[in-house]
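Numbering (the numbering used here), first residue to last: 39 to 512. Every residue, glycine too, gets a C-beta built ideally from N, C-alpha and C. One structure below.
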Ligand code: SF4
């Protein structure tokens, strides 16, 4: 679809709101209204106006008055005018209103930090951003849980270590992930560089309290036993044992009893084994190369090896899945009784194979997704879990959310700290992004490592050099 903006420069915000209505479309800036669907957004210093044209004919319009000349207020009225104009034609439910940000619960936390009451923050989000009562209740519940963790983690830091290899690439994947079959020869070189980065990172972690370590990717357990042991030995030697130590064991097809023992032997106290769905037909379709039975087997083996904090990730809205499949997945998880479940809704990412081949699949619509989310939530409730963290992504089917549910005291500290952005997180490995948070000013500085494994290996000294900025930032 096409768009024209006038009197403001809010291109990203304009496209973000259009994505709610026309997900997975191409958004092309233009200067005429006579082709296809065209949105015209204008701001005259006081009013934001949106007009929707189809083949040159005006179909809808809306006008909103800005209450101040703050940039955030201008963003709000521009978004609101677009949403109201488009929805007067589309008539779709807008559970999140015009909120398009990644961290909705943070908005409640920020309001509370400003000294406002929760009722006032909620009222404002409803009135000004059209967020539904149900989502506001979810935001408030999550914000309450997140704040407890943020409070107890004050002054501490987190560490992320990326292992960007996987057995194969999943259909929907947009992460830094390389198929291990092609990259096996480089894995040892990669680990050499990672250990070099760990040794160097001690200058930032020594003398500070490390609250959590998260080894993610990719799939860290794609490494063979000796490689995995080498990485974990280096972590232990350089950083000791934090309160929370997570390793993503994401793909069940990478797990062996020996790897589970290695993880346990290095005091990893939280692992994540992710089926995404327990329906074999879907697993094959999304290129996971494992079955539901293999996941169940890996999970039970992990329990036998003493892993008593296991998270499982699932995705709702995978191609071809309906309520029956969601129920089957949740029933299977209930039998295994993990400590936490992260319920994602499918996001069609630009860098994924799914995006390239989207027209081959029948996708879940917003109404069905709402029912699937309700089913998953009901099962988590039956399992004694509560929502404790949440994030949203662009291009999520039906514009919903990802929610982490957990049993009592089984929250993942790292996940919460990443969402609330109140703690510095040092990140190592290809594609890793370090975040230095200044709590006095609220300013966040990011330092990026290169994404490609080859670049990371050849430019490792440059990665160490880039982190020198932390000496002033931490
Ligand atoms: S397991 Fe995760 S990181 Fe690996 S290919 Fe699949 S989605 Fe990507």
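- Under the 8 Å Cβ criterion, the stretch 361-369 does not count as touching the stretch 389-399, having fewer than three qualifying pairs.
- By a beta-carbon distance limit of 8 Å, residue 475 contacts residue 459. Their separation comes to about 6 Å.
- It is roughly 20 Å from the alpha-carbon of residue 417 to the alpha-carbon of residue 402.
- Here residue 128 has 59 as same chain residues with Cβ atoms under 8 Å from its own Cβ, once five neighbours each way along the sequence are excluded.
- Contact between the stretch 487-498 and the stretch 217-229 is present: 3 or more CB-CB pairs across the two stretches fall below 8 Å.
- Taking 7 Å as the cut-off, the C-beta of residue 207 counts as close to a heavy atom of ligand 1.
- Secondary structure note for residue 418: its alpha helix (DSSP H) is the uninterrupted segment 404-420.
- Relative to the non-hydrogen atoms of ligand 1, the Cβ of residue 288 comes within a distance shorter than 7 Å of at least one.
- Residue 155 places its beta carbon 8 Å or farther from that of residue 205.
- In this structure, the C-beta of residue 215 approaches ligand 1 to less than 7 Å from one of its heavy atoms.
- Within its own chain, the residues whose Cβ lies closer than 7 Å to the Cβ of residue 296, once the five positions on either side in sequence are excluded, are 263, listed in chain order.
- By the neighbour-count definition (other C-beta atoms within 10 Å, threshold 16), residue 140 is an exposed residue.
- Setting aside the 5 residues that flank it on each side, residue 69 is surrounded in the same chain by 42, each with a C-beta closer than 8 Å to its C-beta; the list follows chain order.
- Considering only 54, 273, 400, 288, the residue with the shortest C-alpha distance to residue 113 is 54.
- Sixteen is the threshold: when 16 or more other Cβ atoms of the shown chains lie within 10 Å of the Cβ of residue 89, as they do, the residue is buried.
- Judged by beta-carbon spacing, residue 281 lies beyond the 8 Å limit of residue 501, meaning their Cβ atoms are not closer than that value.
- When beta bridges are read from the DSSP output, residue 394 appears opposite no residue.
- Per DSSP, residue 114 is one residue of the alpha helix (DSSP H) stretching across 109-128.
- Under the three-state reduction of DSSP output, residue 301 falls in the helix class.
- In the DSSP secondary-structure assignment, residue 100 is bridged to 88.
- The stretch 461-469 and the stretch 230-250 touch, with no fewer than 3 CB-CB distances between them shorter than 8 Å.
- Across the set 92, 150, 104, the C-alpha of 92 shows the shortest separation from the C-alpha of residue 124.
- According to DSSP, residue pairing for residue 372 in a beta bridge does not occur.
- In the structure shown, residue 190 falls within a helical segment according to DSSP collapsed to helix, strand and coil.
- Beta-bridge pairing by DSSP links residue 314 to 352.
- Within the same chain, and ignoring the five residues on either side of residue 432 in sequence, the residues whose Cβ sits closer than 8 Å to its Cβ are 54, 57, 138, 385.
- When only Cα atoms are considered, residue 323 and residue 312 end up about 16 Å apart.
- Shown here for residue 256: same chain residues with a beta carbon closer than 6 Å to its own, the five before and five after excluded, namely 201, 202, 203, 204, 215 in chain order.
- Residue 204 has its Cβ nearer than 7 Å to a heavy atom of ligand 1.
- Boundaries for residue 445: no beta strand (DSSP E) harbours it, and the DSSP string shows neither H nor E there.
- By the neighbour-count definition (other C-beta atoms within 10 Å, threshold 16), residue 310 is a buried residue.
- The Cβ atoms of residue 353 and residue 328 lie no closer than 8 Å to each other.
- Rounded to the nearest whole angstrom, the C-alpha separation of residue 443 and residue 407 is 18 Å.
- Taking a contact as a CB-CB distance under 8 Å, the pair residue 462 and residue 473 counts as one, their CB atoms being some 6 Å apart.
- In this structure, residue 256 has its beta carbon less than 7 Å from a heavy atom of ligand 1.
- Collapsing the DSSP output to three states places residue 261 in coil.
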